[in-house]
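Residue numbers (this note's numbering): 96 to 139.
For each residue, glycine too, the CB sits at the ideal point set by N, CA and C.
Report on the following structure.
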């Protein structure tokens, strides 16, 4: 599942949690700041 699938199934219920996960992945160096920024925009 990706962000779009989760939002299609659950609306914005998990947006805060997904944003936290993106921030964690960025802080661990798993994704770039640019990618994190793009993903966070999808979680709004």
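When DSSP states are grouped into helix, strand and coil, residue 122 belongs to the helix group. Secondary structure at residue 112: helix, using DSSP grouped into helix, strand and coil. Sixteen is the threshold: since fewer than 16 other Cβ atoms of the shown chains lie within 10 Å of the Cβ of residue 125, the residue is exposed.
Take residue 134, set aside five residues on each side of it, and the residues of its chain with a beta-carbon closer than 6 angstroms to its own are 117, in chain order. When DSSP states are grouped into helix, strand and coil, residue 107 belongs to the coil group.
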